[in-house]
Amino acid sequence: MNLKRHLALTRAGIMESLQYRLGTAVTLFANLIYLVLVYFLWKAIYASAGTDVVNGMTFTDTMIYLILATALFNFLEMFVVWDMSRSIQSGKIILDLLKPMNFRTYTFWSYSGSHVVLFALTFVPTFIVVMIVTNGAIPMGINLLYFVIATVFALIVNFSMEMIVATICLYTESTWGINIVKETIVLLLSGASIPLAFFPEVFRQVVEYLPFRAVYDIPLTILLEKNGTDTLEGLLPMFGLQLAWCVILTLAGVLFWNHSVRKITVNGG
Amino acid sequence: MSTNTITKQKERRGFGFYARIYRKILVQDLKSKMSYRADFVISTIGMIMTNLSGFVTFLILFKNFPSINGWDYHHMLFLYGFSLIALTPVQCFFDNNWNLRFQVQSGDFIKYCFRPINVFFYFMSEVFDVKGLGQLAFGVGTLVYAWVNIGIPVTPLVILKLLLFLLTASLFMIAIMNAAAATCFWIVGSGYVMVIMFRFKDFAKYPSNIFHGVFRILFTFVIPIAFVAYYPSLAILESDNIPVLTWCAPALGVLFFYLSYKFWMLGVRKYDFTGS
Chain A
266 MNLKRHLALT RAGIMESLQY RLGTAVTLFA NLIYLVLVYF LWKAIYASAG TDVVNGMTFT
326 DTMIYLILAT ALFNFLEMFV VWDMSRSIQS GKIILDLLKP MNFRTYTFWS YSGSHVVLFA
386 LTFVPTFIVV MIVTNGAIPM GINLLYFVIA TVFALIVNFS MEMIVATICL YTESTWGINI
446 VKETIVLLLS GASIPLAFFP EVFRQVVEYL PFRAVYDIPL TILLEKNGTD TLEGLLPMFG
506 LQLAWCVILT LAGVLFWNHS VRKITVNGG
Chain B
114 MSTNTITKQK ERRGFGFYAR IYRKILVQDL KSKMSYRADF VISTIGMIMT NLSGFVTFLI
174 LFKNFPSING WDYHHMLFLY GFSLIALTPV QCFFDNNWNL RFQVQSGDFI KYCFRPINVF
234 FYFMSEVFDV KGLGQLAFGV GTLVYAWVNI GIPVTPLVIL KLLLFLLTAS LFMIAIMNAA
294 AATCFWIVGS GYVMVIMFRF KDFAKYPSNI FHGVFRILFT FVIPIAFVAY YPSLAILESD
354 NIPVLTWCAP ALGVLFFYLS YKFWMLGVRK YDFTGS
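Residue numbers (my numbering), protein chains in the order written: chain A, 266 to 534; chain B, 114 to 389.
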């Protein structure tokens, strides 16, 4: 392991994503408007509910959860599937496979740059705005550190899922379809579109053990100190679940990829 | 070709002429799609999954909250079904907008300018998205279910009104996507504009009187999301107290569509001038 080599890829990624400044600015602005829509919607929903607390979530809790989930989504979003299908079509994938670095490692680190940029440009500003607007509703303490750790785990789980889906695309030659199936499942079952706390009991018990939750729900639950995550006993199962899925999905992804890479056919590449 | 024949040809280009061309191009598109059968099947499954997940989210929401801003379960379902149907035309007939920026960037777009037919028409006719029909089925099912449960009487007049306002509603989303796609004539890599607009459409299925102040104006007159389902559906839901904006919707829809078309064509002209 040569960290210097990996960080070179991170730097290249940072420079590349700073190229599209206008796009980033417009996206940032549009995200803010989108968040205002989310705010209006849930304000109306809670106003009609008649009570302040629904399923242990107050309006403020729900808002913080959903806004930060959107911010996390923007920052974790990867285009591995799209990029891989494009590089198979153009034949560029051969060059990537020939690089003196494991393909999976190479892919992971080349995305790390854009993650750094997006974290600084989308997540941090959103977080600060939420912190100021809600006036101290986010607990400030050691939970921030736990949140960062959980986010790194979330990043690895998300990357592993992306890689597995991208590998499936080698067989199906369908990118849009596979990608939309993945996105839909992840967004629904991870709690990004509606907090998991609102799910019906039986449904939730199943979802709690699935890997999708490790991406959005666990980091946010830890940040908000819900479900007893302010104690070590509550915290460890969360990290345990994330770690378990990191290992399982990474192993599965590596095996699947090694098996499938021989099947790549580049037409005229 | 003499001037005489050209004028003659132009005279024959009515609706029938374009309908005939559309059918020919459509058949070619479907043939080429069927050759990638796996992709076709998976994409269809994907479309069904998105709709299902939308429903699940909706059901979970209403399991926890009885109503939203005075809109109960069945009225919200009505709005939801209405929006799904209204979003079908943009999905089926105007899906090629998503490819516009790639074609413009690579220069392939020039081929559309060389044909003696309307550039906008020719470009859009190239793709018919079959997946949209699944969404249509979902929408019709939801609308009928909500309709029966609310107990709206079925008369020829109401059906006529429904069709008129569905058509109206669909014009707004088409206009939004046309305008969003056309930005690529000026800005390189403007795909994110379309992505953003496509995300905003998720809010079409909520009663837009939940928005306040500047945002209400923004989403009524600038990015007319409120017209994709809310205002048009009021024509059916509150037939004895129809707001002014609902009455204006058909005219506004045509206007928005016309403006987006002009904007799109302005982009084409700008593209021509660069000579690329």
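The C-beta atom is built at its ideal place from N, Cα and C for all residues, glycine as well.
Which of the three DSSP states is assigned to residue i in this structure?
| i | result |
| --- | --- |
| A/G534 | In this prediction, A/G534 scores a pLDDT of 42, lower than 50, which makes its location untrustworthy; the coordinate-derived value is nonetheless stated afterwards. It is coil, neither helix nor strand. |
| A/T323 | strand |
| B/W299 | coil |
| A/V318 | strand |
| B/I355 | coil |
| B/H325 | coil |
| B/Y258 | helix |
| A/I407 | helix |
| B/L368 | helix |
| B/V341 | coil |
| A/N296 | helix |
| A/M366 | coil |
| A/A415 | helix |
| B/Y305 | helix |
| A/K491 | coil |
| B/S373 | helix |
| B/G220 | coil |
| A/T289 | helix |
| A/S352 | helix |
| B/T268 | coil |
| A/T437 | helix |
| B/N117 | In this prediction, B/N117 has a pLDDT of 49, which is less than 50 and means its spatial position is unreliable; what the coordinates show is noted afterwards. Reduced to three states, the DSSP call for B/N117 is helix. |
| A/Q470 | helix |
| B/G245 | helix |
| B/L200 | coil |
| A/A479 | helix |
| A/M503 | helix |
| A/N423 | helix |
| B/G252 | helix |
Measure the CB-CB distance between residue i and residue j and report whether it falls below 9 Å.
| i | j | result |
| --- | --- | --- |
| A/T372 | A/H271 | no |
| B/I349 | B/V271 | yes |
| B/L347 | B/T359 | yes |
| A/L514 | A/S377 | no |
| A/V301 | B/N177 | no |
| B/V381 | B/F233 | yes |
| B/Y305 | A/A295 | yes |
| B/I198 | B/L256 | yes |
| B/S166 | A/L461 | no |
| B/Y131 | B/N231 | yes |
| A/L435 | A/K528 | yes |
| B/T170 | A/I459 | yes |
| B/F222 | B/L213 | yes |
| A/G518 | A/T440 | no |
| A/A419 | A/I483 | yes |
| B/A364 | B/V341 | no |
Using DSSP's beta-bridge definition, name the partner residues of residue i.
| i | result |
| --- | --- |
| B/W184 | B/I181 |
Quick one, which of the options has its alpha-carbon nearest residue i's?
| i | options | result |
| --- | --- | --- |
| A/L488 | A/L410, A/S352, A/E427 | A/L410 |
| B/T201 | B/G366, B/L284, B/P337 | B/L284 |
| A/P344 | A/V389, A/T323, A/E427, A/L293 | As written in the sequence, residue 344 of chain A is Phe, which differs from the Pro given in the question. The shortest C-alpha separation from A/F344 is found at A/E427. |
| B/T237 | B/I309, B/F324, B/W211, B/L331 | It is Met, not Thr, that sits at residue 237 of chain B in the sequence shown. For the residues B/I309, B/F324, B/W211, B/L331, the minimum Cα distance to B/M237 belongs to B/W211. |
| A/L520 | A/T387, A/V467, A/F368 | A/F368 |
| B/C297 | B/I158, B/A339, B/M378 | B/M378 |
| A/F281 | A/S379, A/K528, A/Q507, A/A385 | The amino acid occupying residue 281 of chain A in the given sequence is Glu; Phe does not appear at that position. Ranking A/S379, A/K528, A/Q507, A/A385 by Cα distance to A/E281 puts A/S379 first. |
| B/H188 | B/V261, B/A339, B/I330, B/G245 | B/V261 |
| A/A312 | B/I161, B/P179, B/L143 | B/P179 |
| B/L60 | B/S166, B/D353, B/G194 | Chain B is shown only over 114 to 389; residue 60 of chain B falls outside these bounds and no answer can be derived. |
| B/A351 | B/W299, B/F191, B/D142 | According to the sequence provided, residue 351 of chain B is Glu. The question's Ala does not apply to it. Selected option, being the one with the closest Cα: B/F191. |
| B/K137 | B/E239, B/M286, B/K146 | B/E239 |
| A/F477 | A/G456, A/D495, A/L497, A/L363 | A/G456 |
| A/A415 | A/R286, A/R527, A/W510 | A/W510 |
| A/V480 | A/L341, A/I393, A/I459, A/T289 | A/L341 |
| A/L287 | B/I300, B/P269, B/D142, B/F222 | B/I300 |
| B/V243 | B/G159, B/M307, B/L174 | B/G159 |
| A/E473 | A/M503, A/R527, A/G499, A/V430 | A/M503 |
| B/C361 | B/L277, B/I309, B/S303, B/P229 | B/L277 |
| B/F168 | A/D326, A/F392, A/I450 | A/I450 |
| A/T437 | A/M405, A/I403, A/V346 | A/V346 |
Quick one: which chain C residues come within Cβ less than 8 Å of residue i?
| i | result |
| --- | --- |
| B/H325 | No chain C is part of this structure, whose protein chains are labelled A and B. |
At least 3 beta-carbon pairs within less than 8 Å: the region 330-345 of chain A vs the region 300-313 of chain A: Three or more Cβ pairs closer than 8 Å define a contact, and the region 330-345 of chain A meets that threshold against the region 300-313 of chain A.
Three CB pairs or more closer than 8 Å across the region 434-448 of chain A and the region 466-480 of chain A: Under the three-pair Cβ rule at 8 Å, the region 434-448 of chain A does not count as touching the region 466-480 of chain A.
Three CB pairs or more closer than 8 Å across the region 368-376 of chain B and the region 289-297 of chain B: yes
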